[in-house]
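Chains as they are written, first to last, in our numbering: chain A, 73 to 484; chain B, 41 to 145.
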């Protein structure tokens, strides 16, 4: 493998860990990131001449550490900090073993996702610091100006420093609530990419892949946390449909997707992970959602989907996460299991709680299936006015055309 | 690291007997609380602004909100998590809010 490609691979795989270690050693997020950046640049210079070292991760860490040492010596600000960095032995395998790396990375993820930061800041900081996406890339992915994203990152890091947000994995009594926050950030990240659709899109697709990669990392770091495993299963199962979800930029509904194009490997990995998580007997919202995704993923044809089971699972989910969107999804599942009329009653019960296009879009589909086409068209039009993405608007417009055509031909 | 805890409550809300008392909280926090006091009500507050040569006085607090600062505590903690834990145990956090603000040291 050519050196450049190897360095690019290492950047993806190791950068977060090395930054995490440098932050622990120096306590300075900016210095840590700059020195790690320098170390990768040095690798690109030296390795073509000297060959790729036996343990490239250790080489990069040592190089970044020495660079930090230089910079601290020159500024001579923090004598104590300097002593600490010097005390880290150069070639001590203990200092650089997987365990130390693992703790540092976990510490970094939990600090980036600290609940004293805004949710946007948590997402941006995780992407930037752990995965190494640039400010410009993150800004583009979240459709905000680069300057806005840069300010968000600066503010987050200032707060970590000024309010002294601890750089650590929280103690046991805080772990359950903090883990939920970390999983929430990763799932948000995935959905940012997943909901985006086909066009914009390479970068948004990257968000899904980064979220899957981070979820994998988290499972590595916390193998005993069934919800982490559940989240990884969930994102794999959802992502397995990626190739079939769009037809030339148009959203294809689940029941019309070409299941041959679903990623079978991702599905079997997701199902296996879910099984191992459920065996621990501590179900949570991500495991239940993964179970729902698994019901879809394992049905050979849309008609084979186990809707009664899905309706049951949504009932469980609604107990764990009492949100109107979950109840809307439950209504859809009930409509599939017991008929559109049963679903419509549940949907109408949500009218006061749910704004946005999802409610009218769901109502419209149920009305269409009941043959109440005039009401369906009104609801589709209401949804169309509220839909946030082009793909969704095109899908709704297509439905309006279809239902209008049925209505015309039915006219005596 | 020092943090200021600004204790804010809506004074129409009465604490219940089930809430822990401030004495219990003080005993729990111990030496980490450096200073603090309850404040008189906003009826006794005066807000001062100077604009040019003029000193402008307003009867009452600086902001029109339901929750007002009724007291403060200064605590010395290792980090924000410890300050949050102490703030979360403050009796007023149950029905009001506690703003945790680091000192600029």
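Note that CB positions come from ideal geometry on N, CA and C, so glycine has one too.
In terms of CA proximity to residue 386 of chain A, A:399 leads the group A:473, A:399, A:320. Considering only A:266, A:364, A:83, the residue with the shortest C-alpha distance to residue 201 of chain A is A:83.
Per DSSP, the continuous alpha helix (DSSP H) segment holding residue 232 of chain A begins and ends at 218 to 234. Identification of chain B residues near residue 236 of chain A by a Cβ-Cβ cut-off of 7 Å yields 41, 119, 120, 142, ordered along the chain. Each residue's CA atom was taken as its position, placing residue 228 of chain A and residue 473 of chain A some 48 Å apart.
Inclusion of residue 257 of chain A and residue 194 of chain A in the CB contact set at 7 Å is warranted, their separation being smaller than that value.
When only Cα atoms are considered, residue 230 of chain A and residue 87 of chain A end up about 22 Å apart. Using a Cβ-Cβ distance cut-off of 8 Å, the region 317 to 328 of chain A and the region 295 to 302 of chain A are not in contact, since fewer than three pairs of beta carbons, one from each stretch, lie closer than that value. Closer than 7 Å to the CB of residue 188 of chain A there is at least one CB belonging to chain B.
Scanning its chain for C-beta atoms nearer than 6 Å, with the 5 sequence neighbours on each side dropped, one finds around residue 342 of chain A the residues 305, 308, 309, in chain order. Straight across, the Cα-Cα distance linking residue 441 of chain A with residue 54 of chain B is about 54 Å. Assignment of residue 130 of chain B by DSSP, reduced to helix, strand and coil, places it in the coil class. Of the residues A:415, A:176, A:477, the one whose Cα lies closest to the Cα of residue 240 of chain A is A:176.
When rounded, the separation of the alpha-carbon atoms in residue 252 of chain A and residue 303 of chain A is 11 Å. For the 7 Å CB-CB criterion, residue 221 of chain A and residue 211 of chain A form a contact.
Spanning the alpha carbons of residue 197 of chain A and residue 206 of chain A requires a straight line of approximately 11 Å. Residues of chain B whose Cβ lies closer than 8 Å to the Cβ of residue 242 of chain A are, in chain order, 121.
For residue 98 of chain B, the closest C-alpha among the options B:86, B:72, B:138 is that of B:86. About 31 Å separates the beta carbons of residue 284 of chain A and residue 120 of chain B, which is beyond the 8 Å limit, so they are not a contact pair.
Distances from the alpha-carbon of residue 404 of chain A to those of A:392, A:381, A:393, A:424 put A:381 closest. In chain order, 110, 111, 114, 115 place their CB closer than 8 Å to the CB of residue 135 of chain A, counting only its own chain and leaving out the 5 sequence neighbours on each side. Scanning the region 402 to 435 of chain A from its first residue to its last, the whole alpha helix (DSSP H) runs of 4-plus residues come out as 412 to 420.
When secondary structure is reduced to three states using DSSP, residue 97 of chain B falls in the strand class.
Annotated as distal: residue 133 of chain A and residue 98 of chain A, with beta-carbon spacing of 7 Å or more. Residue 455 of chain A counts as buried, since at least 16 other C-beta atoms from the protein chains shown sit within 10 angstroms of its C-beta. A straight line joining the alpha-carbon of residue 315 of chain A with that of residue 333 of chain A spans about 6 Å. Boundaries for residue 43 of chain B: no alpha helix (DSSP H) harbours it, while the beta strand (DSSP E) harbouring it runs 42 to 50, taken from the DSSP string. For the options A:183, A:347, A:265, the alpha carbon positioned closest to that of residue 280 of chain A is the one of A:265. Residue pairing by DSSP places residue 108 of chain B opposite B:49 in a beta bridge. Contact annotation, residue 131 of chain B with residue 51 of chain B: C-beta distance approximately 14 Å; criterion of less than 8 Å not satisfied. Nearest to residue 140 of chain A by C-alpha distance, out of A:96, A:407, A:119, is A:96. The C-alpha of residue 267 of chain A lies about 39 Å from the C-alpha of residue 106 of chain B.
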